[in-house]
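S.K.: Structure below; questions to follow.
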Amino acid sequence: MTKKKKRHLHPSPSVANTSSSKRSRQDAFLNSERNNNTAINLMSTELDDKDAKQARLDASDLSSSRRELPVYQYKHNILQAIHQNDVLLVMAETGSGKSTQIPSYLMEDGRIFPKQQQQQQQQQPPSRPQHNRQHAQCIAVTQPRRVAAMTVAQRVAKEQGCIVGTTIGYRVRFDDCSHPKKTRVVYLTDGMLLREAMIDPLLSKYALVVLDEAHERSLQTDILFGVVKRAMKARATVSKTDTALVQHTASNNNTTKNTAAAAAATTSSEGKFSRDERLQQLLREKSHHFRLPPLKVIVMSATLDVSTFQTFFSNDSVATIQIPGRLFPVQHVYTSEPQEDYIDAALATALQIHFETTPPNDHDDNENGDHGDILIFLPGQDEIEVLCQLLKRHLQQHDQQNENNNDTTMPPPHNQLQQQRQPHYMRDIVQNVKGMGTTLTTEKGVASIINGVMICVLYAALPPEAQLLAFQPKPKGCRRKIILATNIAETSVTLDGIRYVIDTGKHKTRSYSTTTGMESLTVEPVSQAQAAQRSGRAGRVQAGICFRLYTEEAFDSLQAVTVPEISRVNLAHVILILKGMGIHDPTQFEYLTRPNTRSIQRACQLLYALKALSDELELTDHGKKMALLPVDPVYAHVILQSPNYGCTKEMLTVVAMLSAENVLFRPGGGGGGIDIDQNSKSSSLAQKAAQAHRRFASYEGDLPTLLSIYNAWRREAHYSAGVGSKQYSGSGGSASTTAKEGKVPHGQWCSHNFINGRALTRAYNVRQQLSGICSKSVDMGGLGIDVNTSCEEEDDSDQGRMDFLKCACAGLFLQSATRLSTSAAAADKKGNSGRLNAVGTSSNSTRGRYKTKFGGQEASIHPTSTLFGRNPAPKCVVYTELLVTKKTYLRTVTQIREEWLVEVAPDFFQ
150 MTKKKKRHLH
160 PSPSVANTSS
170 SKRSRQDAFL
180 NSERNNNTAI
190 NLMSTELDDK
200 DAKQARLDAS
210 DLSSSRRELP
220 VYQYKHNILQ
230 AIHQNDVLLV
240 MAETGSGKST
250 QIPSYLMEDG
260 RIFPKQQQQQ
270 QQQQPPSRPQ
280 HNRQHAQCIA
290 VTQPRRVAAM
300 TVAQRVAKEQ
310 GCIVGTTIGY
320 RVRFDDCSHP
330 KKTRVVYLTD
340 GMLLREAMID
350 PLLSKYALVV
360 LDEAHERSLQ
370 TDILFGVVKR
380 AMKARATVSK
390 TDTALVQHTA
400 SNNNTTKNTA
410 AAAAATTSSE
420 GKFSRDERLQ
430 QLLREKSHHF
440 RLPPLKVIVM
450 SATLDVSTFQ
460 TFFSNDSVAT
470 IQIPGRLFPV
480 QHVYTSEPQE
490 DYIDAALATA
500 LQIHFETTPP
510 NDHDDNENGD
520 HGDILIFLPG
530 QDEIEVLCQL
540 LKRHLQQHDQ
550 QNENNNDTTM
560 PPPHNQLQQQ
570 RQPHYMRDIV
580 QNVKGMGTTL
590 TTEKGVASII
600 NGVMICVLYA
610 ALPPEAQLLA
620 FQPKPKGCRR
630 KIILATNIAE
640 TSVTLDGIRY
650 VIDTGKHKTR
660 SYSTTTGMES
670 LTVEPVSQAQ
680 AAQRSGRAGR
690 VQAGICFRLY
700 TEEAFDSLQA
710 VTVPEISRVN
720 LAHVILILKG
730 MGIHDPTQFE
740 YLTRPNTRSI
750 QRACQLLYAL
760 KALSDELELT
770 DHGKKMALLP
780 VDPVYAHVIL
790 QSPNYGCTKE
800 MLTVVAMLSA
810 ENVLFRPGGG
820 GGGIDIDQNS
830 KSSSLAQKAA
840 QAHRRFASYE
850 GDLPTLLSIY
860 NAWRREAHYS
870 AGVGSKQYSG
880 SGGSASTTAK
890 EGKVPHGQWC
900 SHNFINGRAL
910 TRAYNVRQQL
920 SGICSKSVDM
930 GGLGIDVNTS
940 CEEEDDSDQG
950 RMDFLKCACA
960 GLFLQSATRL
970 STSAAAADKK
980 GNSGRLNAVG
990 TSSNSTRGRY
1000 KTKFGGQEAS
1010 IHPTSTLFGR
1020 NPAPKCVVYT
1030 ELLVTKKTYL
1040 RTVTQIREEW
1050 LVEVAPDFFQ
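Residue numbers (my numbering): 150 to 1059.
Now the structure itself:
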């Protein structure tokens, strides 16, 4: 313990005398605990006079509300605990202010940042490089989701009296709103910090890492715990017993720049230390070389399993603080019996709340009324869009009925109208629109106001600007807001005005079978911890009610905490990241929850098949390139195969489109059950959508179809990219050009062609990022690939199409399947041995059954595929996902020739 106390010595209050204004400003900042307005005063020089004045006013207005938060009573205890210990576990209930206030307290205190003394830098030996960038001058706060990182950063910046991107910033995919030198607190997603750790395993930029919402136990969060602990060990004070090995390692590797390469180069014959131990010593020597201070860690959550984290940090000094939440009571209401259809139950509950808590003739506009907003938790995007359509239809029809009732002299009472016609009215609507896909809206049309009710949606696939609409105040004349959200709204976000929470008790979860290699996406019950987080949304700003659409007995039977994602998903991407960080043996990595050994072995087998690992399980050059691409290893392999077939441009587009969800808008869902007489409008819309999609459909399958959609969009529509995509370079066209003659606006093109505009914009951003990584030179950390190589430019269009399909086969050979020889599917013995570029499909067809090459699973083509119902069904296909619901489906299917498998992967198909 004595050694650990030496690590916690605070920097001396006295600093080197200097006449520079920059130094004096830093001294003022480090002593800002004496003056809470120092941060505001410093930032005023960075803003113009008008913005600085407004920032000070906003911060002054919020200062009293900050002191009223429960966490404020524990400010001194938190500061003292983090300075005396390596790790601080904070159990803070929902609404306590932990996510916004604790990082601010530490920044204002200033002692967490080491003082950069210029004399030390001047006394460095000439052999050591001069370090221009500052180390350990920032606090990283991780969030599990993008929207949480952005909204919390904006709130903290407002409290600190600055604009986002200066003292307070955030960093999410496609959007870096931070400054390399000025930012002191940065909110970022788990994945962003994990990617940063691949380049800088010491996390040298940060003095403190705050791991927020740790209870969610996402895959990236669990891996990040191990990465952070690794950095903590390396930045700890070097003990005397380690000094000899550190010096020996340094002398042998003083000319090696890459840490992982140095570990491999110094594999000693001593046999006393493993390669991973030697790598840890190299990191420690590097930390000593840069004079990095010990790395502090704070773990925060509302429902923290303390014992798990105490065991994980058992070798470090750990303190624990428990903070109560805001004192707004939340009443829990359960159903008397189980609900078979949670969408129907959510619809009925939302309408009941709205009609019974809103006076019939209420048109009050002042302060938007005080009836309370409604937040509904649903499993996924599809369910959200279904319920959104249902709510719109009900509110519209209710408004029309009210207008008709106003013409009568004696209208019946409001509650009597509900009792007489609402059940039948509701039941018919549910049956008619069940299964509808994404709503057809423009970029800014993700919120609708109907009969004084604003309906907003909130899920991960939405672009940032669309997600933020749910957080905006209600416009004038709007009496209530109804927000339909996934578990993205469970944590770290404050939706002002929420009084009623409707919890369906469901969420979507992925699980992976190590036996069959199948990954399934299913709707499962939430845990008790998740249910508690959801109900807490109703008690953040006022007393509320949580309607749980399940019985109290069902709640008692739920799991206490969520099963860690690392225990139920494919670990191939994780192993690739760990290998890219120089870790030789992934089984010895310090996981927060150690995954099944079989899962690690299965992931290594997959990477070996993709030639990312050698026979000795070393990361190959191909694997190192795969690790640079922020996509699934299979998709990274597809991109790296594309130069061999001359279709890099096309494959970048396809992989980007695969990252988007629900590209095609299909009214009515296509699942049947539509009554044409009662729902002729929806049926007509579905026919128009099918006709519009027909011009994009490819006879070869879904990958060429996605390529056709994107190319037509770029060719025919004008789109100006948002802020997020400006930071990435590469092909794909200029985002700032004006609309050319013959092009239509982005939203209009998407509406006309029944295409989800939000999916296309996401695909555009992903493609820009991937293109930038591929086109960057190897010396600059890129791949050095010509991203403009295209098979469409070949003189022989048929050959270009063949090259594209063969590349898809080479990338997805592990996800291939052959048609079963059933009596229905064997009508045509030729299969797909003929022309691949035929046109037209048959309406009367067999859907076909397939058997996967690896795993031997039987599956059918998903109904949303362009190959669904094709006659004859393709003999051999590749797919991107094996989806298990009530049946097993192949998703995103593309036909290939079976003999190509032997050509592209002879080791597996000889």
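C-beta atoms are modelled at their ideal positions from N, C-alpha and C, and glycine is treated no differently.
1. For my contact list, Phe261 and Leu357 are in at a C-beta cut-off of 8 Å; report their separation, rounded to the angstrom.
2. Below 8 Å on the Cβ atoms is my contact criterion, and I expect Ala692 with Asn719 to pass it. Report the Cβ-Cβ distance as a whole number of Å.
3. Please classify Val1042: is it buried, with 16 or more other beta-carbons within 10 angstroms of its beta-carbon, or exposed?
4. Could you spell out where the beta strand (DSSP E) holding Tyr337 opens and where it closes?
5. Indicate the three-state DSSP secondary structure (helix, strand or coil) for Thr249 in the structure shown.
6. Confirm, please, whether the CB-CB distance from Val915 to Ser808 is below 8 Å.
7. Applying the criterion that 16 or more other CB atoms from any shown protein chain within 10 Å of the CB defines a buried residue, is Ala709 buried or exposed?
8. Please list, in chain order, all residues of the same chain as Lys773 whose beta carbon is under 8 Å from its beta carbon, the five residues on each side excluded.
9. Could you pull out every residue in the same chain whose Cβ sits closer than 7 Å to the Cβ of Thr769, ignoring the five residues on either side in sequence?
10. Where DSSP assigns a beta bridge to Gln546, which residues make up the other side?
11. Gly96: which of Met603, Ser466, Thr243 and Arg686 sits nearest, CA to CA?
12. Please confirm if Trp898 has its CB atom under 8 Å from at least one CB of chain B.
13. Apply the 10 Å Cβ neighbour rule to Ile631 and answer buried if 16 or more other Cβ atoms are within range, or exposed otherwise.
14. Output the distance between the C-alpha atoms of Gln222 and His901, rounded to the nearest integer angstrom.
15. From which residue to which residue does the alpha helix (DSSP H) around Gln702 run?
16. Could you check if Asn636 is buried or exposed, using at least 16 other CB atoms within 10 Å of its CB as the buried criterion?
17. With which residues is Ala912 paired in a DSSP beta bridge?
18. For Gly478, count neighbouring Cβ atoms within 10 angstroms of its own Cβ and tell me buried if that reaches 16, exposed if not.
19. Thinking C-beta only, is Leu337 closer than 8 Å to Tyr355?
20. Kindly indicate which three-state DSSP category Glu1007 falls into: helix, strand or coil?
21. Check the C-beta distance from Tyr999 over to Ala957 and give it rounded, since I have them as a contact under 8 Å.
22. Kindly indicate the opening and closing residues of the alpha helix (DSSP H) around Arg384.
23. So the alpha helix (DSSP H) Ala230 belongs to, where does it begin and stop?
24. Check whether the region 695-707 touches the region 526-533, taking contact to mean three or more Cβ pairs, one atom from each stretch, closer than 8 Å.
25. Return the Cβ separation of Cys923 and Glu799 in integer angstroms, given the expectation that the two are a contact with Cβ distance under 8 Å.
26. Please name the residue in Thr370, Ser353, Asp851 and Ser662 whose C-alpha comes closest to that of Met381.
27. Express the C-alpha separation of Ser436 and Val359 in angstroms, rounding to a whole number.
28. Leaving out five residues on either side along the sequence, give the residues of the same chain with a beta carbon under 6 Å from the beta carbon of Leu909.
29. Can you grab the Cα-Cα spacing for the pair Ala177 / Thr316, in whole Å?
30. Determine the contact status of Asp1060 and Thr291, defining contact as a CB-CB distance below 8 Å.
31. Does Pro674 come out as helix, strand or coil in the three-state DSSP assignment?
32. Ala809 by DSSP, collapsed to three states: which one?
33. I need the boundaries of the alpha helix (DSSP H) containing His437, first residue and last residue.
34. Among the residues of its own chain, which have a CB less than 6 Å from the CB of Ser245, if the five just before and after it don't count?
35. Which of helix, strand or coil does DSSP assign to Phe323?
36. Measuring only the C-alpha atoms, how far is Ile651 from Tyr661?
M.R.: Quick look at the numbers:
1. Stepping through the sequence shown from its first residue, residue 261 is reached at position 112. Stepping through the sequence shown from its first residue, residue 357 is reached at position 208. Looking at the sequence itself, residue 261 is Ile, so the reference to Phe does not match. Right, their Cβ atoms sit about 5 Å apart.
2. In the sequence shown, counting from the first residue as 1, residue 692 sits at position 543. In the sequence shown, counting from the first residue as 1, residue 719 sits at position 570. Incorrect: roughly 44 Å between the Cβ atoms, too far for contact.
3. Working through the sequence shown from its first residue, we reach residue 1042 at position 893. Val1042 comes out buried.
4. As a position in the sequence shown, residue 337 is number 188, starting the count at 1. Reading off the sequence, residue 337 comes out as Leu, not Tyr. Note, Leu337: beta strand (DSSP E), Val334 to Thr338.
5. Along the sequence shown, read from residue 1 onward, the residue named residue 249 stands at position 100. If DSSP states are grouped into helix, strand and coil, Thr249 belongs with the helices.
6. For the purposes of this step, residue 808 is identified with residue 659 of the sequence shown, where counting begins at 1. For the purposes of this step, residue 915 is identified with residue 766 of the sequence shown, where counting begins at 1. The answer is yes: Cβ separation under 8 Å.
7. Numbered from its first residue, the sequence shown carries residue 709 at position 560. Counting Cβ neighbours within 10 Å, Ala709 comes out exposed, since fewer than 16 surround it.
8. Translated into the one-based positions of the sequence shown, residue 773 becomes position 624. Cβ neighbours of Lys773 beyond the five flanking positions: Gly729.
9. Position 620 of the sequence shown, counting from 1, holds the residue named residue 769. Lys760, Ala761, Leu762 and Ser763, listed in sequence order.
10. By 1-based counting over the sequence shown, the position of residue 546 is 397. In the DSSP output, where bridge partners are listed per residue, Gln546 has none listed.
11. The first residue shown for the chain is 150 and the last is 1059, placing residue 96 beyond what the model contains.
12. The structure shown contains no chain B; it is built from a single protein chain.
13. Translated into positions along the sequence shown, residue 631 becomes position 482. Under this definition Ile631 is a buried residue.
14. Reading the sequence shown from its first residue, position 73 is the one you call residue 222. Reading the sequence shown from its first residue, position 752 is the one you call residue 901. If I take the Cα positions, the gap works out to 57 Å.
15. By 1-based counting over the sequence shown, the position of residue 702 is 553. The sequence shown places Glu at residue 702, rather than the Gln named in the question. Annotation: the continuous alpha helix (DSSP H) that includes Glu702 extends over Glu701 to Asp705.
16. For the purposes of this step, residue 636 is identified with residue 487 of the sequence shown, where counting begins at 1. Asn636 should be labelled buried.
17. Indexing the sequence shown from 1 puts residue 912 at position 763. None; Ala912 has no bridge partner.
18. Walking along the sequence shown from the start, residue 478 turns up at place 329. Before going on, a small fix: residue 478 reads as Pro here, not Gly. Counting C-beta atoms within 10 angstroms of its own C-beta, Pro478 has fewer than 16 neighbours from the protein chains shown and is therefore classed as exposed.
19. Mapped onto the sequence shown, residue 355 falls at position 206. Mapped onto the sequence shown, residue 337 falls at position 188. The answer is no: Cβ separation not under 8 Å.
20. Walking along the sequence shown from the start, residue 1007 turns up at place 858. Reduced to three states, the DSSP call for Glu1007 is strand.
21. Position 850 of the sequence shown holds residue 999. Position 808 of the sequence shown holds residue 957. 16 Å between Cβ atoms; not a contact.
22. Position 235 of the sequence shown, counting from 1, holds the residue named residue 384. Leu368 to Arg384 is the span of the alpha helix (DSSP H), which, as asked, contains Arg384.
23. Taking the sequence shown and counting its residues from 1, the one referred to as residue 230 is at position 81. Its alpha helix (DSSP H) spans residues Lys224 to Gln233.
24. no
25. One-based indexing of the sequence shown puts residue 923 at position 774. One-based indexing of the sequence shown puts residue 799 at position 650. Going by Cβ atoms, the distance from Cys923 to Glu799 rounds to 13 Å, so no, they are not a contact pair.
26. Counting from 1 along the sequence shown, the entry for residue 381 is found at position 232. Ranking the options by Cα distance to Met381, first place goes to Ser353.
27. Stepping through the sequence shown from its first residue, residue 359 is reached at position 210. Stepping through the sequence shown from its first residue, residue 436 is reached at position 287. C-alpha separation (whole angstroms): 20 Å.
28. In the sequence shown, residue 909 corresponds to position 760, counting from 1. Result list for Leu909: Trp862, in chain order.
29. The count along the sequence shown starts at 1 and reaches residue 177 at position 28. The count along the sequence shown starts at 1 and reaches residue 316 at position 167. Only weak support is given to the placement of Ala177: the predicted model assigns it a pLDDT of 39, under 50, and the value that follows is read from those uncertain coordinates. The alpha-carbon atoms of Ala177 and Thr316 are separated by roughly 14 Å.
30. This structure gives no information on residue 1060, because the portion of the chain shown stretches from 150 to 1059.
31. Stepping through the sequence shown from its first residue, residue 674 is reached at position 525. Residue state, collapsed to three classes: strand.
32. Taking the sequence shown and counting its residues from 1, one reaches residue 809 at position 660. Of the three classes helix, strand and coil, the one that applies to Ala809 here is coil, per DSSP.
33. For the purposes of this step, residue 437 is identified with residue 288 of the sequence shown, where counting begins at 1. Unbroken alpha helix (DSSP H) run through His437: Arg424 to His438.
34. The residue you call residue 245 lines up with position 96 of the sequence shown. The residues are Pro219, Val220, Ile472 and Gly474.
35. Your numbering for residue 323 matches position 174 in the sequence shown. If DSSP states are grouped into helix, strand and coil, Phe323 belongs with coil.
36. Indexing the sequence shown from 1 puts residue 651 at position 502. Indexing the sequence shown from 1 puts residue 661 at position 512. When only Cα atoms are considered, Ile651 and Tyr661 end up about 30 Å apart.
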